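In the numbering used here, the protein residues as written are 121 to 366.
Every residue, glycine too, gets a C-beta built ideally from N, C-alpha and C.
It should be emphasised that the depicted structure is a prediction, and the values quoted were computed from it without experimental measurement.
To start, the structure itself, in structure tokens.
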Amino acid sequence: DLESRKGKAPGGYNYPLDETGVPFIFMNATSSLRDVVTMLHEGGHAVHSFLTRRLPLSADKHPPSEVAELASMSMELMSMDHWDVFFQDPAELRRAKKTHLESVLETFPWVATIDKFQHWVYENPNHTEAQRHQRWTEIFQHFNQRTVSWSGLEQFRPYLWQKQLHLYEVPFYYIEYAMAQLGAIAVWRNFRQDPAAALAGYQRALALGYTVPIGEVYAAAGIRFDFSTEYLRQLADFVREEMAAL
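Below, the structure written as structure tokens:
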């Protein structure tokens, strides 16, 4: 169910059907770059569903978010070599890739902001609306650029967190996106060096489902389950190098 329509629920997701092993994708396409990324993202989840469909236990077909989002985010990046299917104009293709890579790096401060904010919300259940506005603004300013001018729009900033549906629908399901994004960048870095080997590792890792711990899934993909400052810096530098080469 891909196209947007009046009255349709927001968001996008891949939903696996365990009995048949065939998933379906829900999204709201509006002919934008975001549609391409969403389709590829959910397509990564769908590939994951197909690769785990033969596992005997249903629980093994549903790995934790750190693994599930590795499948989807890696697909976004590995597919970029074929984005000319969607963007025939070289300038538009370059713009699309650059925009997406910028969003990859922007994932980290935004995830940190949302995660820290929702922890504060649940740790302080009796807070007032004014306190919530103040704390959100403080956290947002801590993790995000201060060069952006909010002049004339200050009254909207305290509500910016509400665009993240996860806070309402799946509390505390968000820091995993940053973990998986690091893994996806590492998969993509391997893919740039040896596409066949990286793709084989990607499929091998996803086929494990949740039959082994998270670290072993990442190792099967040829990457590390690592959140160290040095590792993050290496991967961020790699993304910047790829952006500079466009």
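Return yes when the Cβ of L197 is within less than 9 angstroms of the Cβ of F311, no when it is not. Looking up residue 311 in the sequence shown gives position 191. Looking up residue 197 in the sequence shown gives position 77. Yes; because the gap between Cβ atoms is below 9 angstroms, this pair is in contact.
DSSP-derived helix/strand/coil call for I343: To locate residue 343, count along the sequence shown from 1; it is residue 223. Three-state DSSP puts I343 in coil, outside helix and strand.
Below 9 angstroms between beta carbons: does that hold for I145 and G127? The residue labelled residue 145 in the question sits at position 25 within the sequence shown. The residue labelled residue 127 in the question sits at position 7 within the sequence shown. Contact: no.
Sequence-distant residues of the same chain with beta carbon closer than 6 angstroms to R309, five excluded per side: As a working mapping, residue 309 is identified with position 189 in the sequence shown. Around R309: F358.
Where the alpha helix (DSSP H) through F228 begins and ends: To locate residue 228, count along the sequence shown from 1; it is residue 108. Run containing F228: 210–243, per the alpha helix (DSSP H) assignment.
Using a Cβ-Cβ cutoff of less than 7 angstroms, which residues in the same chain neighbour H168 once the five nearest sequence positions on both sides are dropped? Indexing the sequence shown from 1 puts residue 168 at position 48. Here the set comprises A188, A191, L326.
Within a Cβ cutoff of 6 angstroms, which residues of the same chain sit near F260, ignoring the five residues on either side of it in sequence? Residue mapping note: residue 260 aligns to position 140 of the sequence shown, counting from 1. Only T233 meet the Cβ criterion.
Would you be able to state if there are at least three C-beta pairs under 8 angstroms between the segment 214–225 and the segment 241–254? no
Restricting to runs no shorter than 3 residues, where is the beta strand (DSSP E) found entirely within the segment 150–204? none
For N264, name the three-state secondary structure that DSSP assigns. Reading the sequence shown from its first residue, position 144 is the one you call residue 264. In this structure, N264 counts as coil in the three-state DSSP scheme.
For Y293, report the span of its beta strand (DSSP E) as first-last. Numbered from its first residue, the sequence shown carries residue 293 at position 173. No beta strand (DSSP E) holds Y293; DSSP gives it neither H nor E.
If A300 sits next to M193, beta carbons under 8 angstroms apart, how far is it from one beta carbon to the other, in whole angstroms? Within the sequence shown, numbered from 1, the residue matching residue 300 stands at position 180. Within the sequence shown, numbered from 1, the residue matching residue 193 stands at position 73. So it is a contact: roughly 5 angstroms between Cβ atoms.
Look up E249 in the DSSP assignment and say whether it is helix, strand or coil. Counting from 1 along the sequence shown, the entry for residue 249 is found at position 129. Looking at E249 - three-state DSSP - the assignment turns out to be helix.
Candidates T172, T140, V157: closest to Q323 by CA position: Walking along the sequence shown from the start, residue 323 turns up at place 203. The shortest Cα separation from Q323 among T172, T140, V157 belongs to T172.
Under 9 angstroms, do Y369 and D138 count as touching if we go by C-beta distance? There is simply no residue 369 to check, as the chain begins at 121 and stops at 366 in what is shown.
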